[in-house]
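Respectively, the protein sequence lines represent chains A and B.
Here the first sequence stands for residues 0 to 651, numbered as in numbering that gives the first Met the number 0.
Here the second sequence stands for residues 0 to 183, numbered as in numbering that gives the first Met the number 0.
Cβ coordinates follow ideal geometry from the N, Cα and C atoms, glycine included.
Note sheet for the following structure.
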Amino acid sequence: MNIGVFVCHCGSNIAGTVDTEQVAQAARSFPEVAFATDTMYACSEPGQAGIIDAIREYGLDGVVVASCTPRMHEATFRKTIGRAGLNTYLFEMANIREHVSWIGKDKEANTNKAIDLVQIAVEKLRRNTALFSSEFEINKRVMVIGGGVAGIQAALDCADGGLEVVLVERESTIGGKMAKLDKTFPTVDCSSCILGPRMVDIAQHPNITLHAMAEVESVDGFVGNFDVKVRKKATYVDWEACTGCGQCMEKCPSRKAEDRFNEHVGTTTAINIPFPQAIPKKAVIDPGACIMLTKGKCGACAKLCPTQAIRFEQEDTVVQEQVGAIIAATGYDLFDFTLYGEYGGGRYPDVVTSMQYERMLSASGPTGGHLVRPSDGKEPKDIVFIQCVGSRDHSVNRPYCSGFCCMYTAKQTILTKDHIPDSQSYVFYMDIRSPGKLYDEFTRRAMEEYGAKYIRGRVSTIQPRNGRYVVKGADTLMGSPVEIEADLVVLAVGAEASRGAGALAEKLRISYDGYGFFMEGHPKLKPVETNTAGVYLAGSCQGPKDIPSSVAQGSAAASKVQALFSRDKLASDPQVSSVALQRCVGCAKCASTCPFGAIEMTEFRGMPKASVVETVCQGCGVCAVTCPQGAIQLQHFTDNQILAEVNALCPY
Amino acid sequence: MPTKTVPDRNDGNFLQEVQQASEQNLTRCYQCGNCTAGCPLSFAYDIPVNKLMRMLQAGEKHAVLSSRAIWLCASCETCTTRCPNEIDVARIMDVLRHMARREGLVAEAPVRHLWDAFLTSVEKHGRVFEVGMMANFVKRTGRFWTDADLAPVALGKGKLGLRPHCIEHQDEVQRIFARFREQA
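Printed below as a string of structure tokens:
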């Protein structure tokens, strides 16, 4: 083999702490290295042209680039040598940036380590073989997990583009958090008026199949051919028959069911349709509150239902869906403010969350759109808003800014003034974060036109006094403590990862950060991709986002799926396992350990042999370490290649 | 208001010293004011706690160490409990009192004398001897009438013994003081 080695300076990123010229010089002494040089930016156009020129001039048939992480540019350089006519797998990368120059300052030690890493790469490359992709068919259906505004946007964009869409929603209706909002900032337009028509589009679109009250149970397969099991939870109502008339709700005698849609402001009936614009508009029985299901008698709804849709014996069912791509749009949950003992920890009835306040503002909410104190039903006059509850707070492990609370708090002060003109709102804030079109103007309007009094400081404690609440905070601009008596306190709770996000990420084989938010493929350049091919993200599951950003991501994820499905076939990754038939003893250990079911047992001249289904194999290598004969090898990472790397590093 | 002079604003060593002695990261403070909001003594402070934190970040050594606030702090630790950035503010106040003593900048001398009188009494008897401590405090400050009105009530309840009441093994307490002086 004629190997060429290219040592990248990466500007001063590498050359600042590694003697790249010396690394190139050392590389010239390694076996089969025909050419070695250092280069300013290997990934730049002249850098790549230099590699192609060298391949032609020196007749190179294998290339090592010592530069950054392969996650960054392995694909780039493979294409480069492909353009020069080489097989793209006759290429190795030595990571001398993340693994060397960025983590150490000792230039001599760095240079020595860089030389070692280049040598390892050369030894592996000497044993590389040309690999060729095969092609496989893709299933052009897409699954969207989560029916909030991001998922709705993604589903509609995909469906309008002609794709078949399966939308999976955990609750009994789509709409997510946005459906709970009364108005939206900065235009103060009615949330359900703009979301409602989109929800109806989902229900009526011929390309969309909606599974509500359903959760993803398992995900098998790979890009283009996912096999997803969806558990449809028992609703105890035949949705084919239910017309959503709501008569059952009127007569249900059990009124103690938890009202999740209204954020637990009061309770609701055991058989319930969460809100008038629900999609699908179907009733669901809460088995924990239903008298029939807990005590075995009642059945008022069943007697009354005009279409006889009640099915007390209904059980969960599991449906299988085959899709080629998955968009996760599972949204966020609200921070549990009861962790703040100083704000009452949930013991004070008139200290409510911003989302509860939103439900009270909504005409379809539990108070019919009247702002009242939960404790005595009286109209509040002095309302204190406390921002950053569960945001920017190390002590509760939420050091991040949730991003949208400043804006919705300003909106709520404006709505408060509209509802109760003689009311006074006070807002305790730390900083006002309002970057966005018309956003800062909006927060200024809350202060200038609606008279909300903004006080810069956090609140130390809320204490009940004579039926009201004393809010003790600071005015840091004045440099003094302040006390305000309030009738109602609204906590602007921050966003946290949706409950169950981690478990879903594991099913989808995508990564998530320390707070449970899903990791995007690249923080700047791959905002809706993940590190698992065919799985995309939209909305707040990736990090807190307001409505415009969530919608933008929904469309972005849909366009990524459209691009993926614009091809009829995908190239498979040839870095998969293969079986040496003469060594295989047919013990089937590999077949039993393979996590993807990619190994079949076949017969060869009457003897059992393992055989790899190349399109299913994900190249994890579990079979290779299981095989007692060394008969099954992961191509591009064979035992011999790995041992050669170890020998290069530890020659003695 | 006159502009602060540059040297006073930029005593970078001061912030480092306070951080080292208190083992706290003061750069984390983002001025939310929760320390001031919860402090029961804010009304008496010449400089509110959150402003002290800002002055520490700016390195205003003289102004911080000569403030009255650091001596009025009751070490109730509400600030420490509420700080969203987990800064132990009360511990910083303690460090500042030590530094003010060393620099001779104590703004509230009676507070300092009360501490000293208290510790002297504890060192001598192993626990506080109230009358002796008060006598020492009056001797140091000349403030004869401080809390004198409380004496008859305390005497009546038997809370103010006229003779010292020592603990057993008071030498062990003395050894704690000796060890502190060795290390100081």
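Below 8 Å on the Cβ atoms is my contact criterion, and I expect residue i with residue j to pass it. Report the Cβ-Cβ distance as a whole number of Å.
i: isoleucine 95(A); j: isoleucine 54(A); result: About 21 Å; that fails the 8 Å criterion.
i: cysteine 404(A); j: alanine 485(A); result: The pair is not a contact, with the Cβ atoms about 18 Å apart (cut-off 8 Å).
i: cysteine 78(B); j: cysteine 34(B); result: 4 Å
i: phenylalanine 90(A); j: valine 62(A); result: 5 Å
i: arginine 139(B); j: histidine 112(B); result: 4 Å
i: lysine 410(A); j: phenylalanine 184(A); result: 4 Å
i: lysine 60(B); j: glycine 478(A); result: Not a contact, Cβ separation roughly 20 Å.
i: valine 593(A); j: cysteine 622(A); result: Residue identity check: residue 593(A) is cysteine in the sequence provided, not valine. Contact flag correct, Cβ pair sits at about 6 Å.
Under 8 Å between C-beta atoms, does residue i make it to chain A?
i: serine 74(B); result: no
i: valine 5(B); result: Low confidence applies to valine 5(B): its pLDDT is 49, below 50, so where it sits in the model is not reliable enough to give any reading.
i: cysteine 31(B); result: yes
i: lysine 158(B); result: no
i: threonine 35(B); result: yes
i: proline 47(B); result: yes
i: serine 65(B); result: no
i: glutamine 18(B); result: no
i: arginine 100(B); result: no
i: serine 120(B); result: no
i: arginine 81(B); result: yes
i: glutamate 167(B); result: no
If you run the structure through DSSP and keep just helix, strand and coil, what is residue i?
i: proline 480(A); result: strand
i: tyrosine 331(A); result: strand
i: cysteine 649(A); result: coil
i: asparagine 396(A); result: coil
i: serine 363(A); result: coil
i: isoleucine 207(A); result: strand
i: serine 41(B); result: helix
i: glycine 11(B); result: helix
i: serine 100(A); result: helix
i: phenylalanine 221(A); result: strand
i: lysine 652(A); result: With chain A covering only 0 through 651, there is no way to say anything about residue 652(A).
i: valine 527(A); result: coil
i: threonine 35(B); result: helix
i: alanine 587(A); result: coil
i: glutamine 617(A); result: coil
i: tyrosine 428(A); result: strand
i: threonine 184(B); result: In the structure as shown, chain B begins at 0 and stops at 183. Residue 184(B) is therefore absent and cannot be evaluated.
i: threonine 442(A); result: helix
i: proline 196(A); result: helix
i: aspartate 417(A); result: helix
i: leucine 104(B); result: coil
Nearest chain B C-beta to residue i closer than 8 Å, yes or no?
i: valine 458(A); result: yes
i: glutamate 170(A); result: no
i: lysine 471(A); result: yes
i: threonine 475(A); result: yes
i: histidine 204(A); result: no
i: proline 480(A); result: yes
Would residue i pass as a contact of residue j if the rule is Cβ separation under 8 Å?
i: threonine 601(A); j: serine 591(A); result: no
i: valine 488(A); j: isoleucine 385(A); result: yes
i: alanine 14(A); j: arginine 27(A); result: no
i: alanine 504(A); j: serine 510(A); result: yes
i: glycine 146(A); j: glutamate 168(A); result: yes
i: alanine 460(A); j: glycine 32(B); result: One detail in the question is off: residue 460(A) reads as threonine in this sequence, not alanine. Against a cut-off of 8 Å, the Cβ pair of glycine 32(B) and threonine 460(A) comes out as no contact.
i: alanine 557(A); j: leucine 536(A); result: no
i: lysine 608(A); j: cysteine 649(A); result: no
i: valine 383(A); j: tyrosine 449(A); result: no
i: valine 575(A); j: glycine 493(A); result: no
Is residue i near the ligand MN, in the sense that its beta carbon is under 7 Å from a heavy atom of that ligand?
i: serine 539(A); result: As presented, the structure is devoid of all ligands, the ligand MN included, so that no description of it is given.
Inter-stretch contact (C-beta, 8 Å, three-pair minimum) for the region 275–286 of chain A and the region 231–250 of chain A: Enough Cβ pairs lie closer than 8 Å, so yes.
Given 8 Å as the limit, is there contact between the region 300–308 of chain A and the region 221–230 of chain A, that is, 3 or more CB pairs closer than that? Output reads no: the region 221–230 of chain A does not touch the region 300–308 of chain A.
Three or more C-beta pairs under 8 Å: does that hold for the region 560–570 of chain A against the region 343–361 of chain A? The region 560–570 of chain A, when compared against the region 343–361 of chain A, does not touch it at the 8 Å Cβ threshold.
Within 8 Å, do at least three Cβ pairs link the region 38–46 of chain B to the region 16–27 of chain B? The region 16–27 of chain B is not in contact with the region 38–46 of chain B.
Indicate whether the contact test is met: 3 or more Cβ pairs, each with one atom in the region 546–565 of chain A and one in the region 240–252 of chain A, closer than 8 Å. Too few Cβ pairs lie closer than 8 Å, so no.
Flag this pair as touching only if the region 528–535 of chain A and the region 492–499 of chain A have three or more C-beta atom pairs under 8 Å; answer yes or no. Segment contact: the region 528–535 of chain A against the region 492–499 of chain A, fewer than three CB-CB distances shorter than 8 Å; contact not assigned.
State whether the region 338–356 of chain A contacts the region 157–172 of chain A, with contact taken as three or more CB pairs (one from each stretch) at a distance under 8 Å. No, the region 338–356 of chain A is not in contact with the region 157–172 of chain A.
Assess contact between the region 194–213 of chain A and the region 422–439 of chain A, defined as three or more Cβ pairs (one per stretch) separated by less than 8 Å. Is contact present? Per the Cβ contact rule, the region 194–213 of chain A is not in contact with the region 422–439 of chain A (fewer than 3 Cβ pairs under 8 Å).
So does the region 121–129 of chain B actually touch the region 168–182 of chain B, counting three or more Cβ pairs closer than 8 Å? Segments in contact, yes.
Take every Cβ of the region 285–299 of chain A, pair it with every Cβ of the region 251–265 of chain A, and state whether three or more of those distances are shorter than 8 Å. Verdict: yes, contact present.
Check whether the region 123–141 of chain A and the region 172–182 of chain A touch, using three or more Cβ-Cβ pairs below 8 Å as the test. A contact is defined here as three or more CB-CB pairs under 8 Å, and the region 123–141 of chain A fails this definition with respect to the region 172–182 of chain A.
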